[in-house]
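With the working numbering applied, the sequence shown covers 267 to 646. In this text, a Cβ means the ideal position worked out from N, Cα and C, and glycines have one as well. Keep in mind it's a predicted model, so treat the numbers as computed, not measured. For reference, the structure discussed in these notes is given below.
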Amino acid sequence: MTLLWLLLSFAILYQWATYYLVERFRRFELETPAPFKPDYAVSHLKTIHGRQPRSETNWRSYIDQDYRGEQEVVFTVGRVGDASAELAREIATKDPRVKVIEGDASGNGANPKVASMIQGWPHCTLPYILSTDSDMHAPPNYMDKIMAGFEDPKVGMVTCLYCIQRVNSPALAMEALSVLDFSTSVLVARAIEGMSFGLGANMAFRRDVLESIGAFDVLGDYLAEDYQLGNRITKAGWKVKLAGMVVEDVLPGMKLKEYLLHQLRWMRTYRISRPGGHFSFIVTQGALWATLILLFQGWTWQSALAMWLWWGTRIKATLHNWKVFGAVEAEKWIPWLVLKDYFYLCLWVCSLVGDQVRWGPRLLKLYPDGRMKVLKRFDV
Numbered sequence: 267m268t269l270l271w272l273l274l275s276f277a278i279l280y281q282w283a284t285y286y287l288v289e290r291f292r293r294f295e296l297e298t299p300a301p302f303k304p305d306y307a308v309s310h311l312k313t314i315h316g317r318q319p320r321s322e323t324n325w326r327s328y329i330d331q332d333y334r335g336e337q338e339v340v341f342t343v344g345r346v347g348d349a350s351a352e353l354a355r356e357i358a359t360k361d362p363r364v365k366v367i368e369g370d371a372s373g374n375g376a377n378p379k380v381a382s383m384i385q386g387w388p389h390c391t392l393p394y395i396l397s398t399d400s401d402m403h404a405p406p407n408y409m410d411k412i413m414a415g416f417e418d419p420k421v422g423m424v425t426c427l428y429c430i431q432r433v434n435s436p437a438l439a440m441e442a443l444s445v446l447d448f449s450t451s452v453l454v455a456r457a458i459e460g461m462s463f464g465l466g467a468n469m470a471f472r473r474d475v476l477e478s479i480g481a482f483d484v485l486g487d488y489l490a491e492d493y494q495l496g497n498r499i500t501k502a503g504w505k506v507k508l509a510g511m512v513v514e515d516v517l518p519g520m521k522l523k524e525y526l527l528h529q530l531r532w533m534r535t536y537r538i539s540r541p542g543g544h545f546s547f548i549v550t551q552g553a554l555w556a557t558l559i560l561l562f563q564g565w566t567w568q569s570a571l572a573m574w575l576w577w578g579t580r581i582k583a584t585l586h587n588w589k590v591f592g593a594v595e596a597e598k599w600i601p602w603l604v605l606k607d608y609f610y611l612c613l614w615v616c617s618l619v620g621d622q623v624r625w626g627p628r629l630l631k632l633y634p635d636g637r638m639k640v641l642k643r644f645d646v
């Protein structure tokens with residue numbers, strides 16, 4: 267029983283650590299403007315797929331930035347006939363900086379996002395490369411903040427946190443809370459060991475550094491390309507910097523099955539990419555330790571205290587962190603945190619075994635080195 271209380275105490279301290287680090291991030295990074303107005307010439311490689319109600323708004327949030335430097339935008343569509351291509355071409359007709367590269371990129375690797383990046387990469391001509399995902403919405407100071415990271419000549423890659431700020435269903439609420447936990451864990455990892463990985467939704471590179479590690483071309487069969495890029499860059503002697511901002515991840519909705527499959531895929535990826543962090547995850551899960559105290563002791567004042575201490579701390583820290591990261595109606599959706607945490611424990615156990623994940627209409631086999639192979643394609 268003493269061990270359970272020690273583990274619960276550690277989990278509670280971890281929650282307060284995230285609260286402190288997020289508050290520090292807000293005060294000294296998030297609310298601080300870029301130290302100067304950068305003018306680096308940037309090729310923006312944007313992988314796009316599908317068309318959502320806010321697609322044009324999301325994409326234009328990057329394109330229409332008030333940025334001093336030269337920019338070109340390369341929309342890359344990895345599937346012929348994808349609904350995103352028409353919208354991208356409409357944007358290109360009004361903006362000479364925009365190119366649209368469309369084709370069947372499936373031959374470039376098992377990872378469809380990287381395959382599309384490989385297709386678009388040769389059309390990027392400028393000395394800095396920015397890679398962003400289709401469903402991200404950038405804040406007005408995005409370009410200044412992410413490119414200012416290259417003021418340090420030892421920085422080879424700049425990345426940033428992201429958060430689902432708008433929620434419209436219980437499953438999306440749990441996805442948003444899972445993304446939030448991941449983003450706060452990045453701040454913890456940075457405080458302990460520094461940054462040695464990227465966050466795939468937003469990554470900027472020095473072109474020569476990217477080319478020196480083989481660029482995207484060598485990553486077509488890797489599931490966690492963002493981890494691979496950051497890890498290879500740090501091993502080559504360069505730094506990875508976390509920019510002081512949060513980008514909004516805009517999702518139209520999510521079903522429970524989609525949430526569970528996505529998180530299981532992410533956890534199995536994390537187990538392979540960062541096994542130490544994956545296995546230590548369980549120590550931070552106070553819901554487990556408080557529940558075990560309740561099961562072993564029954565409903566006593568000690569077990570009630572354990573549950574009160576855990577959920578009181580957990581909810582307070584999560585609400586604070588989510589609001590700092592821009593959440594809308596956080597109080598409305600926070601009750602789903604309890605179910606999400608218990609789902610997460612079950613998913614973590616499932617992630618300890620197995621080497622297959624579902625990604626969209628495909629079943630993939632994962633290998634210990636982080637590569638993957640398509641086993642089966644499903645009709646959609």
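Next on the checklist: If contact is defined by three or more beta carbon pairs under 8 Å, each pair taking one atom from either stretch, is the region 620 to 637 in contact with the region 479 to 494?
Outcome noted: yes
Next on the checklist: For the alpha helix (DSSP H) containing Trp-577, name the first residue and the last one.
Outcome noted: 567 to 590
Checklist entry - Apart from the five residues on each side of it in sequence, which residues of its chain come closer than 6 Å, Cβ to Cβ, to Ala-596? => result Leu-585, Trp-588, Lys-589
Item to check | Residue interval of the beta strand (DSSP E) (run including Glu-368) | outcome: 364 to 368
Item to check | Close-in-space but distant-in-sequence residues of the same chain around Gln-385 (CB under 7 Å, 5 per side omitted) | outcome: Thr-342, Gly-344, Ile-367, Gly-369, Ala-371, Asn-374
Checklist entry - Once you ignore the five residues that flank Pro-436 on each side, which residues in its own chain have a CB closer than 6 Å to its CB? => result Trp-602
Item to check | Whole-angstrom distance between Arg-643 and Leu-526, CA atom to CA atom | outcome: 19 Å
Item to check | Start and end residues, alpha helix (DSSP H) containing Gln-529 | outcome: 522 to 539
Checklist entry - How do the region 490 to 506 and the region 461 to 470 stand: do at least 3 beta-carbon pairs fall below 8 Å, yes or no? => result yes
Item to check | Assigned exposure category for Tyr-306 - 16 Cβ within 10 Å defines buried | outcome: buried
Item to check | Per DSSP, cross-strand counterpart(s) of His-403 | outcome: Glu-514
Checklist entry - What are the residues that DSSP puts in a beta bridge with Ser-309? => result Glu-338, Ile-395
Item to check | Given Cys-429 as reference, the closest of Ala-556, Arg-624, Glu-356, Pro-405 once Cα atoms are compared | outcome: Pro-405
Checklist entry - From Ala-439 to Phe-291, what distance separates their C-alpha atoms? => result 23 Å
Checklist entry - Under a Cβ-count criterion, where at least 16 other Cβ atoms within 10 Å of its own Cβ denotes burial, should Asn-324 be classed as buried or exposed? => result buried
Item to check | Counted within 10 angstroms of its Cβ, other Cβ atoms place Ile-458 as buried (16 or more) or exposed | outcome: exposed
Next on the checklist: Given this structure, state the Cα-to-Cα distance separating Val-424 from Glu-477, to the nearest angstrom.
Outcome noted: 16 Å
Item to check | Every unbroken beta strand (DSSP E) inside the region 408 to 449 [3 residues or more] | outcome: 421 to 429
Item to check | Identified DSSP bridge partners for Asn-468 | outcome: Thr-398
Checklist entry - Over what stretch of residues does the beta strand (DSSP E) that includes Trp-602 continue unbroken? => result Unbroken run through Trp-602 is the alpha helix (DSSP H), 602 to 617; no beta strand (DSSP E).
Checklist entry - Does the separation of the CB atoms of Ser-617 and Met-520 fall below 8 Å? => result no
Next on the checklist: I'd like to know whether the C-beta atoms of Lys-411 and Ala-300 end up nearer to each other than 8 Å.
Outcome noted: yes
Item to check | Cα-Cα separation between Leu-274 and Thr-268, rounded to whole angstroms | outcome: 10 Å
Next on the checklist: Quick check on Ile-314: does DSSP put it in helix, strand or coil?
Outcome noted: strand
Item to check | Where the alpha helix (DSSP H) containing Met-383 begins and where it ends | outcome: 378 to 386
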